[in-house]
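For reference, the structure discussed in these notes is given below.
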Amino acid sequence: MSELPESLPVQAPHLNYLNSTYGIRSWLLTKDHKRIGLLYLATITIMFIFGGLAAFFMRLHLIEPQGALVEPETYNKLFTIHGVIMVFFFLVPSIPATLGNFCIPLMIGARDVAFPKLNLLSWYVFITGCSLALVAIFSGGIDTGWTFYTPYSSTYSHTAVVWMASGIFIAGFSSILTGLNFVVTIHKMRAPGLTWFRLPLFIWAMYATSIIFILGTPVIAITLFLLGLETLLHVGIFDPALGGDPLLFQHMFWFYSHPAVYIMILPGMGVVSELVTAFSRKKIFGYAFVAFSSMAIAVISFIVWGHHMFVTGQSVYAGLVFSVLSFLVAIPSAVKVFNWTATLYKGSISYEAPMLYALGFIGLFTIGGLTGLFLASLATDVHLNGTYFVVAHFHYVMVGGAVMAYLGGLHYWWPKITGRMYPDVWARIAATIIFLGFNLTFFPQFVLGYMGMPRRYAIYPAEFQVLNVLSSAGASILAVGYAIPLIYLIWSMRYGPIAPQNPWGAKGLEWENASSPPVTENFEVMPVVTEEAYNYQPHNYQGTEGAHGV
Amino acid sequence: MSDAATDHAHPPGFAHQFETIEQQREAGSLGMWVFLMTEILFFGGMFTAYTVYRALHFGSFEAGSHLLLWKFGMTNTAVLIVSSLTMALAIRSAQTGQKKGTTITWLILTMILGAAFIGIKLYFEWYNDWKEGLVPGLHWIASPEHTPGVEQFFCFYFFMTGLHAIHMVIGLGILTVLVIMTARNKFSPEYYAPLEISGLYWHFVDIVWIFLFPLLYLIGGRYQH
Amino acid sequence: MSDSHEHSVGHVVPISVYLAVFVALLAGTALTTGVAFIDLGPLNTPIALLIAFIKMTLVILFFMHVKYQPGLTRLAIICAFFWLGIMMTLTLSDELTRSWEMNPKPWSVLMPHIPHLARFFF
Numbered sequence: 008m009s010e011l012p013e014s015l016p017v018q019a020p021h022l023n024y025l026n027s028t029y030g031i032r033s034w035l036l037t038k039d040h041k042r043i044g045l046l047y048l049a050t051i052t053i054m055f056i057f058g059g060l061a062a063f064f065m066r067l068h069l070i071e072p073q074g075a076l077v078e079p080e081t082y083n084k085l086f087t088i089h090g091v092i093m094v095f096f097f098l099v100p101s102i103p104a105t106l107g108n109f110c111i112p113l114m115i116g117a118r119d120v121a122f123p124k125l126n127l128l129s130w131y132v133f134i135t136g137c138s139l140a141l142v143a144i145f146s147g148g149i150d151t152g153w154t155f156y157t158p159y160s161s162t163y164s165h166t167a168v169v170w171m172a173s174g175i176f177i178a179g180f181s182s183i184l185t186g187l188n189f190v191v192t193i194h195k196m197r198a199p200g201l202t203w204f205r206l207p208l209f210i211w212a213m214y215a216t217s218i219i220f221i222l223g224t225p226v227i228a229i230t231l232f233l234l235g236l237e238t239l240l241h242v243g244i245f246d247p248a249l250g251g252d253p254l255l256f257q258h259m260f261w262f263y264s265h266p267a268v269y270i271m272i273l274p275g276m277g278v279v280s281e282l283v284t285a286f287s288r289k290k291i292f293g294y295a296f297v298a299f300s301s302m303a304i305a306v307i308s309f310i311v312w313g314h315h316m317f318v319t320g321q322s323v324y325a326g327l328v329f330s331v332l333s334f335l336v337a338i339p340s341a342v343k344v345f346n347w348t349a350t351l352y353k354g355s356i357s358y359e360a361p362m363l364y365a366l367g368f369i370g371l372f373t374i375g376g377l378t379g380l381f382l383a384s385l386a387t388d389v390h391l392n393g394t395y396f397v398v399a400h401f402h403y404v405m406v407g408g409a410v411m412a413y414l415g416g417l418h419y420w421w422p423k424i425t426g427r428m429y430p431d432v433w434a435r436i437a438a439t440i441i442f443l444g445f446n447l448t449f450f451p452q453f454v455l456g457y458m459g460m461p462r463r464y465a466i467y468p469a470e471f472q473v474l475n476v477l478s479s480a481g482a483s484i485l486a487v488g489y490a491i492p493l494i495y496l497i498w499s500m501r502y503g504p505i506a507p508q509n510p511w512g513a514k515g516l517e518w519e520n521a522s523s524p525p526v527t528e529n530f531e532v533m534p535v536v537t538e539e540a541y542n543y544q545p546h547n548y549q550g551t552e553g554a555h556g557v
Numbered sequence: 071m072s073d074a075a076t077d078h079a080h081p082p083g084f085a086h087q088f089e090t091i092e093q094q095r096e097a098g099s100l101g102m103w104v105f106l107m108t109e110i111l112f113f114g115g116m117f118t119a120y121t122v123y124r125a126l127h128f129g130s131f132e133a134g135s136h137l138l139l140w141k142f143g144m145t146n147t148a149v150l151i152v153s154s155l156t157m158a159l160a161i162r163s164a165q166t167g168q169k170k171g172t173t174i175t176w177l178i179l180t181m182i183l184g185a186a187f188i189g190i191k192l193y194f195e196w197y198n199d200w201k202e203g204l205v206p207g208l209h210w211i212a213s214p215e216h217t218p219g220v221e222q223f224f225c226f227y228f229f230m231t232g233l234h235a236i237h238m239v240i241g242l243g244i245l246t247v248l249v250i251m252t253a254r255n256k257f258s259p260e261y262y263a264p265l266e267i268s269g270l271y272w273h274f275v276d277i278v279w280i281f282l283f284p285l286l287y288l289i290g291g292r293y294q295h
Numbered sequence: 018m019s020d021s022h023e024h025s026v027g028h029v030v031p032i033s034v035y036l037a038v039f040v041a042l043l044a045g046t047a048l049t050t051g052v053a054f055i056d057l058g059p060l061n062t063p064i065a066l067l068i069a070f071i072k073m074t075l076v077i078l079f080f081m082h083v084k085y086q087p088g089l090t091r092l093a094i095i096c097a098f099f100w101l102g103i104m105m106t107l108t109l110s111d112e113l114t115r116s117w118e119m120n121p122k123p124w125s126v127l128m129p130h131i132p133h134l135a136r137f138f139f
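If you want it as structure tokens, here you go:
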């Protein structure tokens, strides 16, 4: 039941967005959201490789208690660069700028986003930010941690802080433009009949993410702006020696950076909703709950930031407030996990690669999320903060969660994006390797953290070596796991079998009404929506092509 | 004669990702409002930091505020209010189909007022502060009367009014583009969206100053002097 | 001035409304400055802020045409200010309640700030 149709089309691809115009100018000056999504895909893949290399060197260094590879000052730069790149230049833009840009207009029945020229501008702004970050890295790097705490970053660290802060500042504008585009597109450009409660849940998730982009990103921008001014002018905004409050920096920094982690996970949750329904051929359990939970996560994400500051000098009363609110944010996340599980129950499940990633997400995100509760609780956080427990927690949600969802979505929509199928056997092998490598890398870190190994340290006590070596071994397996899709996905663009319009038999305008790959204007006939989302019929899972109101 | 785009093959300024000119207009307006939301949070971050330090270092902030020249602050507030009126009238003149010369006149008046704002600030205030050694980081002359909080106040004074001034300059650039577009007959009662949207930006910059004036110039009242 | 506004796609505001708002804004500015010269103790700041809020509301409703816009615009503006309020409130909840003591009595942490707060808020 899960095989591809026996006769794959073998004719040459029709005129579509990839072959309608040629040449470098047609890509660099495109206003097509689909091409812009691919431009972003290339850029963030490059940034991921840089961030991954930093992690690779870190894990190599940590196989010896006294450090195997670099000086401590260099190690500080490695973990900083890894964090900055992975957070600001990979995870934040990953699903929104690639899959979001590509899929949103298709999924809502629009020809493009509301502001295509702004969309292209956002990519140029993004690569400008990336370039400044790379200048910062190659001109000596920074060693402040990705959190840039003052006064070290402003007064005492004589590294390329201002370059990096400028890069992040500029990349932030790219996020703002993307979020702005998505909000207006979703409000104003839905197809006739596509009411809010008929939208695919990926769209709800992207809408919630865009709200965080809009309300949160400007605050990190002004914070880095003030940090830069303090660094350059030696004035006292955040430096206590000059009359400033270092905790004010932390408040302003985390006001964005906590919601930022929900920017990273919400789109992944949206992808998982799409994958779980498509590969169990069943409508989502509790649509309204899942939709509202995305909005609830976006809202609550803004009132919990102080849980990053429990042990840095925040008042105990503020700590109490933030602790209670942090427990609250777990609720909508749990709602999603319950609803996905209930969707799977009695579904007609198949285990193609996207589904493997989705299932992996559900398990690993749950573990990561639950361990967040230990950190939200004031007393246990005193013990666990600043240790590898925190590192393991956020890698479980960001890598076991967000990156797995990103890969799952990339594989799911790959036939739509490229018109080609990738080799499913290799895809399943890679997904499995990634899952195993990931757990071997990060589970030992929970134990290390609990036993007291601090994070961001270049050396550690000898009794922690076994777990560190296990973690580093896992990291090398994980690296192999990531390399495999890079190879076969690129291979498939030229040599992969040509994909049918709807290889998964999924519901959704992008599958039923647009060809694979779509024409430049997305639809030959603009769709009209007459049914709920995920309206899978029990014995008609394959659907019929172009079923909607034509 | 309908003002909807449906009976035009290509209504003026129509962008093809949209179905109707009405949808485009609504999207453009919503887009600018969403952008202004980001600006509220952007300036708001600075206002938050200001609020924290004003609460913690009130005496110093009051002392610093009293060193500012309130007459120029008040004049500039009036200048911007007039410029908001002229901007609103410029948009109205396009809405009501008046000659493009009228619209251009109102736009240029707005620009003159904006330039006057920046001129007053630069010459009568900032240059004066420079001469008196009240520019933190660049030219601060320490004085026994100035507690550390006074220098911090002047940081916020320059950062906030500086960020505001940058936005004004960008606004002048936008107005220049609008003047050119008007001169090229781009606008009519059916299509004046760029004017409307730019007006929103200009009024927002005015609103920021409406708050900056009392918060920077009038801390703790002026009855002491 | 010809008023052929039956062709305009948006709501045309009468010039009299613009002028009335303009006068109100200038009056508010004069009032703000004038009140600053009167010793009202802790009331000076709240009054100045209140006048500023009224001026802002007039600009938003009439110059920025929000009075004639659908509710989504109003929601967007309110959301932005509400979020700014969240940032300020929760940040101040830490900044104003710190204490060097181990187990401070709840209200004692706010006491040092009351004179300042009184100026600011009362």
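Line order of the protein sequences matches chains A, B and C. All residue numbers for the first sequence refer to this note's numbering, where the first residue is 8 and numbers rise by one. All residue numbers for the second sequence refer to this note's numbering, where the first residue is 71 and numbers rise by one. All residue numbers for the third sequence refer to this note's numbering, where the first residue is 18 and numbers rise by one. All C-beta atoms, glycine included, are put in the ideal place defined by N, C-alpha and C. Every value quoted in this text rests on a predicted model; they were computed, and no experiment measured them.
(1) Would you verify that the beta carbon of B/Val239 is, or is not, closer than 8 Å to some beta carbon of chain A?
(2) Buried or exposed, going by whether 16 or more other CB atoms sit within 10 Å of the CB of A/Gln452?
(3) For A/Gly367, which residues from the same chain have a beta carbon less than 6 Å from its beta carbon, with the 5 sequence-adjacent residues on both sides left out?
(4) How about B/Ser163 and B/Thr156: do their beta carbons lie closer than 8 Å?
(5) Quick check: what's the CA-CA separation for A/Pro492 versus A/Ala434?
(6) Shortest alpha-carbon distance to A/Pro112 belongs to which of A/Pro79, A/Ser33, A/Arg66 and A/His194?
(7) Can you tell which of A/Thr350, A/Met196 and A/Val406 has the C-alpha that lies nearest to the C-alpha of B/Phe88?
(8) Taking C-beta to C-beta, are A/Pro123 and A/Ile183 nearer than 8 Å?
(9) Under a three-way DSSP split, which group does B/Asp77 fall into?
(10) State yes or no: is the beta carbon of B/Ala119 nearer than 8 Å to at least one beta carbon in chain A?
(11) Which whole-angstrom value is the C-beta distance of C/Ala65 and C/Val83, which I expect to be below 8 Å?
(12) Can you give the beta carbon distance from A/Gly407 to A/Phe372, rounded, assuming they're within the 8 Å contact cut?
(13) Applying the 10 Å Cβ sphere with the 16-neighbour rule, what's the burial state of A/His258?
(14) Ignore the nearest five residues each way along the sequence and tell me which others in A/Trp153's own chain have a CB closer than 7 Å to its CB.
(15) Going straight from the alpha carbon of C/Glu23 to that of B/Ile280, what length do you get?
(16) Quick check: what's the CA-CA separation for A/Leu46 versus A/Ile440?
(17) Out of curiosity, what's the CA-to-CA distance linking A/Gln544 and B/Phe257?
(18) With a threshold of 16 other CB atoms inside 10 Å of the CB of B/Glu202, please say whether the residue is buried or exposed.
(19) Rank A/Arg462, A/Thr378 and A/Ile70 by C-alpha distance to the C-alpha of A/Met334 and give the top, closest one.
(20) Candidates A/Phe97, A/Leu127 and A/Leu98: which alpha carbon is nearest A/Phe109's?
(21) Mind checking A/His165: buried by the 16 CB within 10 Å criterion, or exposed?
(22) For chain A, check one thing: does any of its Cβ atoms lie closer than 8 Å to the Cβ of B/Ala97?
(23) 8 Å is my cut-off, CB to CB: does A/Phe309 come that close to chain C?
(24) Please go through the same chain and pick out, in chain order, the residues whose beta-carbon is closer than 6 Å to the beta-carbon of A/Phe256, but skip the five residues on each side of it.
(25) Of all Cβ atoms in chain C, is any one closer than 8 Å to the Cβ of A/Val226?
(26) Determine the direct distance from the alpha carbon of A/Pro507 to that of A/Tyr29, and round the result to whole angstroms.
(27) Just how far apart, CA to CA, sit A/Ile374 and A/Leu332?
(28) Using beta-carbon positions only, say whether A/His314 and A/Phe329 come within less than 8 Å of one another.
(29) Determine the closest residue to A/Gly179 out of A/Phe317, A/Leu106 and A/Leu98, with distance taken between C-alpha atoms.
(30) Would the beta-carbon of A/Met460 fall within 8 Å of that of A/Phe445?
(31) Need the endpoints of the alpha helix (DSSP H) that A/Trp421 sits in, please.
(32) C/Thr106 and C/Leu127 look like a contact to me (Cβ under 8 Å); what is the Cβ gap, rounded to whole Å?
(33) I'd like to check one pair, A/Phe449 with A/Tyr403: are the Cβ atoms closer than 8 Å?
(34) Out of curiosity, what's the CA-to-CA distance linking C/Pro31 and B/Ala133?
(35) Report all residues from its chain with a CB closer than 7 Å to the CB of A/Asn188; omit the five preceding and five following residues, and keep chain order.
(36) Is DSSP giving A/Leu249 helix, strand or coil here?
Taking the structure as given:
(1) no
(2) buried
(3) Met411 and Phe442
(4) no
(5) 7 Å
(6) A/His194
(7) A/Met196
(8) no
(9) Bear in mind that the predicted position of B/Asp77 carries a pLDDT of just 45, short of 50, making it unreliable; the figure below should be weighed with that in mind. Three-state result, B/Asp77: helix.
(10) yes
(11) That pair is no contact at about 24 Å.
(12) 7 Å
(13) buried
(14) Thr87, Gly90, Val91 and Val94
(15) Because the pLDDT at C/Glu23 is just 42, under 50, the model does not fix this residue reliably, and the point stays unresolved.
(16) 28 Å
(17) 52 Å
(18) exposed
(19) Contrary to the premise, residue 334 of chain A reads as Phe rather than Met in this sequence. Of the candidates A/Arg462, A/Thr378 and A/Ile70, the one whose C-alpha sits nearest the C-alpha of A/Phe334 is A/Thr378.
(20) A/Leu127
(21) exposed
(22) yes
(23) yes
(24) Thr157 and Phe245
(25) yes
(26) 24 Å
(27) 20 Å
(28) yes
(29) A/Leu98
(30) no
(31) Met411 to Thr425
(32) Between C/Leu127 and C/Thr106 the Cβ distance is about 14 Å, and since that is not below 8 Å, they are no contact.
(33) yes
(34) 45 Å
(35) Val120, Ala121, Phe122, Leu125 and Asn126
(36) helix
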